[in-house]
Amino acid sequence: MITSAADLVLAAAPTPTEVLLGRVYVWLATSGLEIVIWILGAVLLARLIRWGADKYASRVDSRFSTSDLIVQTEDAKHRRALVDVVAWTLIVVIAIIVIIHALSVFGIPLSGLTGPTAVIGAALGFGAQRIVQDILAGFFVVAEKQYGYGDVVNLTVTGNAPAEGTVEDVTLRVTKLRTAEGEVITVPNGQIVKATNLSKDWARAVVDVPVPSEADIGMVNETLDRVGREFYALPRWHDLLLDAPSSLGVTSLELDAITVRMVTRTLPGKQFEVGRALRVHIIRALAREGINVPAREVRSAGGPPATHADQGNRDGGD
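The numbers in the UniProt record's numbering rise by one with no breaks, and the one at position 203 of the sequence shown is 203.
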């Protein structure tokens, strides 16, 4: 009888596997469930922050598209960049909070991690120097309003060729540019040595026109001034110009040509479009006066190459 009772007790005792599964079930029902809830909450909150940032960006674009403005204001471009940076920072902070809470739930004291953290931090410090440098540089890019979303910039990058294009995204770590050919260039902020903003407040279209050395310079200047007044009066270009194009006179002398410069102030980022159309009007006007511009070059001072959107301007933009 005693043997039978002992057998019953042994049969009723849980196996090691059942004990392990029971402990896992209890942990999942308490601490595990808490961690899952925190992770899901963090993911939802991060998506909500990203949705809010995208919604704000869409509203800024919608206001601009429905307004009478030709280019976005500097304040709007800065706010757009600032919202992206704030959203990115909040998501990183949320991730750090969730990780710290998960460690505490697992029973890992943060004070006990001081030593290992110091060692790991020292090891990662050498590898993370560039990331920290990028983040600090990105902070000052946004804080100092060096450039924002939609600006046309030329970035001098350490050890690489300059990057030029339209700003599509600015975070604390990188700046993304869209080139005239449609390529996207990602530049770490810490590697930017010099940032040239080509579309801040106002811009200047500079057109250098070489004419034959035997040409009457007085007639050339009069023709250019007349072209400037006529160009400024055209409805297509008047709203893009802040003043009428004018001749600065001779800027260089060569053996067989004289270079005359013409300049005008434009709205931010419109100097390239205006410069291309102005060159067409200059060539036509000089041809009517019997002055042939050398075919080798009619230069403008910098700027991205023409895109398909500018094809109509090559015909004069009338």
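A virtual CB, placed ideally from N, CA and C, is assigned to each residue, including glycine.
Burial state of residue i, where buried means 16 or more other Cβ atoms lie within 10 Å
i: K55; result: exposed
i: D84; result: buried
i: T223; result: buried
i: A203; result: buried
i: W51; result: exposed
i: V187; result: buried
Minimum C-alpha distance to residue i - residue among the options
i: D208; options: A87, L248, H238; result: L248
i: I99; options: A257, E168, I192, V36; result: V36
i: R47; options: P210, A57, R59, L90; result: L90
i: E183; options: E168, T196, K194, R288; result: E168
i: V193; options: A137, W202, N221; result: A137
i: M219; options: Q129, L286, Q146; result: L286
i: Q146; options: I131, K200, R226; result: K200
i: R226; options: A57, R130, S246; result: S246
i: L82; options: R63, A57, V92; result: A57
i: V92; options: I49, A195, L242; result: I49
i: I39; options: I185, I96, R130; result: I96
Paired residues, beta bridge with residue i - DSSP
i: R204; result: R265
i: K194; result: T156
i: K145; result: DSSP lists no partner for K145.
i: A176; result: The sequence given here places Lys at residue 176; Ala does not occur at that position. Partner(s): D169, T186.
i: T259; result: P210, S252
i: A163; result: L155
i: L241; result: T266
i: S247; result: M262
Whether residue i touches residue j by CB criterion (8 Å)
i: V260; j: V206; result: no
i: G159; j: L177; result: no
i: L198; j: V152; result: yes
i: N189; j: V174; result: yes
i: I135; j: A215; result: no
i: I94; j: A42; result: yes
i: A53; j: A87; result: yes
i: L103; j: F139; result: no
i: S213; j: A277; result: no
i: V293; j: P210; result: yes
i: I217; j: V250; result: yes
i: G148; j: V170; result: yes
Chain-order list of residues whose beta-carbon lies under 8 Å from that of residue i (same chain, five-residue window excluded)
i: L240; result: I70, T266, L267, K270, E273, V274
i: A244; result: G228, R229, F231, Y232, T264
i: H238; result: Y232
i: L255; result: S213
i: N221; result: S247, G249, V260
Same chain, Cβ closer than 6 Å to residue i, five either side skipped, listed in chain order
i: T17; result: none
i: E297; result: Low confidence applies here, because E297 scores a pLDDT of 48, under 50, leaving its location unreliable; read the following figure in that light. So no residue of the chain qualifies.
i: residue 327; result: A query on residue 327 cannot be resolved here, the shown segment of the chain reaching from 1 to 318 and no further.
i: Q133; result: G190
i: S62; result: none
Beta-carbon proximity list for residue i, same chain, < 7 Å, skipping 5 on both sides
i: V105; result: S31, E34, I35
i: L45; result: I94
i: A195; result: Q146, Y147, V153, L155
i: E289; result: M219, T223
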